[in-house]
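All the letters of the sequence shown, read from the start, carry residue numbers 1 to 389 under the numbering used here.
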Amino acid sequence: MKNRKILLLNNISDHGLREFRDGYSTTDKMEEAHGALVRSAEMKDMKFAPSLRAIARAGVGVNNIPLDRCAEEGIVVLNTPGANANAVKEMVLAGLMLASRDIVGGIEWVKANANDEDIAKDAEKAKKAFSGHEVIGKKIGVIGLGAIGVVVANMCAYLGMEVYGYDPYISVGSAWRLKREVKHEEYIDDLFEKCDYITVHVPATESSRDMLNKLSFAKMKDGVRILNFSRGFVVNEDDITEALRSGKVAKYVTDFPTPKSVIMPNTVVTPHLGASTEESEDNCAKMAVEQLQDYLDNGNIRHSVNYPDIDAGICKVESRIACLHKNTPGMLGKLTAIMGDANINIANMQNASRDKYAYTLMDIDTRITDAALNRIRAIEGMLRVRIVK
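In structure tokens form, the structure reads like this:
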């Protein structure tokens with residue numbers, strides 16, 4: 001029986017840990033770990049054990065993990081997109097209401113007048129200061145149509161809003177899940193020009209930094225309302241502060257408190273509550289555990305952020321060989337030549353690449369010889385080779 005140790009770097013939901021099959025156990029020692037589960041623990045300065053094959057992030061953000069170093073050491077990094085989508089969607093719904101109605105101002109007025117014996121009567125006079133707008137019939141632009149953006153767009157359509165989506169990299173799966181009422185914009189500027197509300201749901205990458213800036217705001221409607229439940233740096237803070245002061249942006253709702261955002265005018269800031277539900281933590285943990293086991297047991301990669309995804313199913317032949325390597329020309333030819341020289345038949349081969357790195361899975365009908373295995377490991381650009389089964 002296999003004996004695989006999983007390093008826990010944060011508190012991980014028991015709903016997820018219960019998904020581990022026989023042969024798995026947890027550890028607090030890096031030196032004996034085959035896999036790791038992490039949420040927010042800082043890993044950039046960690047030294048990884050030679051036995052560590054994969055890190056699964058129970059969540060989406062991976063800025064606490066050294067992705068390139070992991071790739072160079074043949075360690076696959078996985079995350080769990082979509083597992084927290086419903087939790088974030090519900091926060092966006094709350095943000096939409098907070099952007100439309102001065103609910104916060106009304107609550108603060110009530111607190112400030114808590115000792116007023118005629119508060120009910122006085123509230124009738126005061127409430128006009130907190131009036132707002134209904135969202136039905138309004139136009140909303142959803143930037144980013146991944147797991148979260150799709151459910152947000154569909155929710156807004158259910159609310160009776162006119163929904164415009166923008167995502168130049170939308171997947172086929174996401175496109176199928178979108179309600180047909182959602183209109184796809186080819187150019188982001190067209191979305192800026194026509195929408196009353198804009199909500200951002202893009203990955204945290206350098207290309208998304210300052211995506212919304214003074215040039216973007218200049219193209220938007222006067223009085224636009226902006227929701228940011230993506231990442232704080234997606235919106236340029238200096239530029240949106242000026243847009244709020246001028247009235248170009250009527251309201252900004254963000255889930256990312258910073259020294260600047262907490263003092264911006266006409267802004268509602270929540271303390272990164274987007275995925276903070278018990279259900280979301282459970283779902284992320286379950287998904288992370290499932291993906292980690294599938295990689296360790298079958299060599300399949302799902303939702304990696306540093307290697308390509310491959311799904312070869314459950315191995316039903318004698319052996320499966322997993323090769324993590326640089327994305328260099330001629331690699332497959334070298335692999336097949338070595339297997340041919342060893343008189344080993346390849347029953348099935350899958351290969352995929354992602355930027356500088358690639359992954360090859362080979363199902364073979366016999367046990368691979370030590371000599372062939374050593375030749376594969378010696379190929380220039382080969383980072384890690386293991387016998388999955």
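Backbone N, C-alpha and C define an ideal beta-carbon position, used for all residues, glycine too.
Asked	Found
Measuring straight from C-alpha to C-alpha, what distance separates residue 94 and residue 16?	28 Å
Who are residue 350's beta bridge partners in DSSP?	361
Taking the beta strand (DSSP E) that residue 133 falls in, what are its first and last residues?	Residue 133 -> no beta strand (DSSP E), and no H or E assigned at all.
For a quick check, are the C-beta atoms of residue 347 and residue 310 less than 8 Å apart?	no
Quick check on this structure: which residue in 99, 126 and 100 has the alpha carbon closest to the alpha carbon of residue 112?	126
Residues in the same chain with beta-carbon distance under 7 Å from residue 81, minus the five sequence neighbours each way, listed in chain order, please.	60, 146, 147 and 303
Does DSSP put residue 71 in a helix, in a strand, or in coil?	helix
Going by the CB atoms, is the gap between residue 10 and residue 23 shorter than 8 Å?	no
In whole angstroms, what is the alpha-carbon distance linking residue 354 and residue 187?	26 Å
With three or more C-beta pairs closer than 8 Å as the rule, is the region 192-200 touching the region 54-68?	no
Taking 8 Å as the cut-off, decide whether the C-beta atoms of residue 204 and residue 87 are in contact.	no
What are the residues that DSSP puts in a beta bridge with residue 35?	6 and 54
Just to confirm before moving on: does the CB-CB distance between residue 244 and residue 259 stay below 8 Å?	no
Across the region 157-175 and the region 210-225, are there enough close Cβ pairs to call them in contact, namely three or more that are closer than 8 Å?	no
From the DSSP secondary-structure annotation, give me the bridge partner or partners of residue 323.	360 and 385
Thinking just about the alpha-carbon of each residue, which of 32, 383 and 83 is nearest to the one in residue 281?	83
Touching or not, the region 98-114 and the region 133-143, by the rule of three or more beta carbon pairs under 8 Å?	yes
Using CA atoms only, rank isn't needed, just tell me which of 364, 73, 338 and 31 is closest to residue 350.	364
So, under 8 Å CB-CB, residue 371 and residue 342 are touching, yes? Tell me the CB distance rounded to an integer number of Å.	7 Å
Under 8 Å by Cβ, that's how I've got residue 163 and residue 142 pegged, so tell me the actual separation to the nearest angstrom.	6 Å
Can you find a heavy atom of the ligand FAD that lies under 7 Å from the Cβ of residue 5?	Because no ligand of any kind appears in the structure shown, any question about the ligand FAD cannot be addressed here.
Find the nearest neighbour of residue 255 within the set 277, 241 and 228, judged by alpha-carbon distance.	228
Could you tell me if residue 218 is buried or exposed, where buried requires 16 or more neighbouring beta carbons within 10 angstroms of its beta carbon?	exposed
What would DSSP say about residue 108, mapped onto helix, strand or coil?	helix
Hey, quick one: how far does the alpha helix (DSSP H) through residue 173 stretch, first residue to last?	172-177
What are the start and end residues of each continuous beta strand (DSSP E) run of 3 or more residues lying completely inside the region 211-271, in chain order?	224-228, 249-254 and 267-269
What residues in its chain sit with their C-beta under 6 Å from that of residue 239, if we drop five residues either side in the sequence?	213 and 214
Taking the beta strand (DSSP E) that residue 78 belongs to, which residues open and close that run?	76-78
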